[in-house]
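Accompanying notes for the structure given below.
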Amino acid sequence: MSSQRYDYEFVAPSSTVYHKERRSEKHLVHWFRKGLRLHDNPALKEGLKDAATFRCIFIIDPWFAGSSNVGIIKWRFLLQSLEDLDQSLRKLNSRLFVIRGQPAGVLPKLFKEWRTNVLSFEEDPEPYGRVRDEKILALCQDVGIKVISRTSHTLYPLQKIIEKNGGSPPLTYRQFQNILRAMDPPASPESTVTLTTIGRAKTPQYANDDDYCVPTLEELGFDTEGLMPAVWKGGESEALIRLERHLERKAWVASFGRPKMTPQSLLASSTGLSPYLRFGCLSVRLFYQSLSELYRKVRKAPPPLSLHGQVLWREFFYCAATNNANFDRMVGNPICVQIPWDKNAEAFSKWANGQTGFPWIDAIMTQLRQEGWIHHLARHAVACFLTRGDLWISWEEGMKVFDELLLDADWSVNAGCWMWLSCSSFFPTVFPLLLPC
72 MSSQRYDYEF VAPSSTVYHK ERRSEKHLVH WFRKGLRLHD NPALKEGLKD AATFRCIFII
132 DPWFAGSSNV GIIKWRFLLQ SLEDLDQSLR KLNSRLFVIR GQPAGVLPKL FKEWRTNVLS
192 FEEDPEPYGR VRDEKILALC QDVGIKVISR TSHTLYPLQK IIEKNGGSPP LTYRQFQNIL
252 RAMDPPASPE STVTLTTIGR AKTPQYANDD DYCVPTLEEL GFDTEGLMPA VWKGGESEAL
312 IRLERHLERK AWVASFGRPK MTPQSLLASS TGLSPYLRFG CLSVRLFYQS LSELYRKVRK
372 APPPLSLHGQ VLWREFFYCA ATNNANFDRM VGNPICVQIP WDKNAEAFSK WANGQTGFPW
432 IDAIMTQLRQ EGWIHHLARH AVACFLTRGD LWISWEEGMK VFDELLLDAD WSVNAGCWMW
492 LSCSSFFPTV FPLLLPC
């Protein structure tokens, strides 16, 4: 195994390949997980080099599909993102193959049927994804398949940050910033995959291609009666439109300051980007670079680290969670304060369903259920109300509700924010209590 830029590329012994005739031709499968985009997709671009055939797949993993804590709005956003990706690939004379099953079960069958000898995917920095990918790496080693994985869901290779901090993740944001200041800037985003990128590679067509279509919500067992129109439309195309709008906000561009809060700030914005970063419809590196270039153009100076505060907080929580499989729970979590939380099922249910009797809290939770998004100050208010402010119920319970309903709820960021807001970890003494009444 060789390492470059903290990405990895595994080449299995040639004696174990399925088909001897494959050695002269490259047959690629690119596995989309997050990173649902064609721009800044270094693993896909690397895999396409000199490929004879390629197929792009998305596996509906039972860990996600069968989970009771994934709501219909989140599913709709994912399916819209897959539809958009499929349409983009069809413009390149290809398509997206949606596969159902567990990766370790379905991938060997596909490899054999499609004579695959190269697998590419975006590196997953979270503990569950790393365990899954280690199993797939072992499987590929057994059958002689080369694996290409590249970092592109985060700005930096997280293990490099951990190494520079002496082998453990920095657990204060100031410490994290100090490490970043001593590092090179994030890698530039890769150009979008085009027909030129694909070259001579083809995607074979099959008579049973309909078996691989993106499913509908109804096919997944959801009851869509009464479902409100989407406030957030999923997909890379929508993400890039929103990014352009975000960078065109003249008043904000002129000052690069924090936006002023108004009552309208609590409503979903047409320039909001967080769900698109979570699903990888928008590259965080493209966002970072676009913002930096705009700052240089307007201010005629290098951008300060503080310009990228929102995405750096995201990076901070990803880094903190990387080697901590218990990051999303209190017990067994070495960085979490052990607090004797109350258990009150009735109070929790009223909080989760917007029935507490506190209009501000109930309005926030209703918006979350209907739209899949709430403003960050609203998140602070309901989190404090549930935990240290009023109900004294564990942050883990609130985290599960957000995981079900919140479109931008990453595993790492969601757990990290709940520990922070409940004063269970990350500066537990310096943040004010937000009283909702």
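Be aware that the sequence shown starts at 72, since it is given in this note's numbering, and climbs by one per residue. C-beta: ideal position from N, C-alpha, C; glycine also. Quick caveat: nothing in here was measured; it's all calculated off a predicted structure.
In the DSSP assignment, histidine 224 falls outside any alpha helix (DSSP H) and carries neither an H nor an E.
Inter-residue distance for arginine 201 and arginine 221 is about 13 Å (C-alpha atoms, whole angstroms). The alpha helix (DSSP H) runs of length 4 or more contained entirely in the segment 371-417 are, from start to end of the chain, 380-392. Collapsing the DSSP output to three states places histidine 317 in a helix. A buried status is given to leucine 99, since no fewer than 16 other beta-carbon atoms sit within 10 Å of its beta-carbon.
Just measuring C-alpha positions, the residue of Val214, Leu242, Val218 sitting nearest proline 405 is Leu242. Non-local C-beta neighbours of tryptophan 463 in its own chain, meaning closer than 7 Å and more than five positions away in sequence, comprise Trp412, Asp413, ordered along the chain. Looking at the DSSP output, cysteine 127 bridges to His101, Leu167.
Contact between proline 346 and phenylalanine 148 holds: CB atoms are separated by about 6 Å, below the 8 Å threshold. Residue pairing of leucine 190 in beta bridges, as defined by DSSP: Val100, Val218. In this structure, the straight-line span from the alpha carbon of phenylalanine 350 to that of alanine 253 is close to 29 Å. Residue Thr225 holds the alpha-carbon nearest to the alpha-carbon of valine 355 among Gly215, Ile445, Trp444, Thr225.
With a 10 Å radius around the Cβ and a threshold of 16 neighbouring Cβ atoms, threonine 393 comes out buried.
Burial is judged here by how many other beta carbons sit within 10 angstroms of a residue's own beta carbon; lysine 116 has at least 16 and is buried. A distance of 8 Å or more separates the beta carbons of asparagine 188 and lysine 273. Pairing glycine 106 with glutamate 234, the inter-Cα distance amounts to about 25 Å. Boundaries of the alpha helix (DSSP H) harbouring tyrosine 244: 244-252, taken from the DSSP string. By the beta-carbon neighbour count (other beta carbons within 10 angstroms, threshold 16), lysine 368 is exposed. Leaving aside the five residues that flank leucine 348 on each side, the residues in its chain whose CB is nearer than 6 Å to its CB run, in chain order, Val355.
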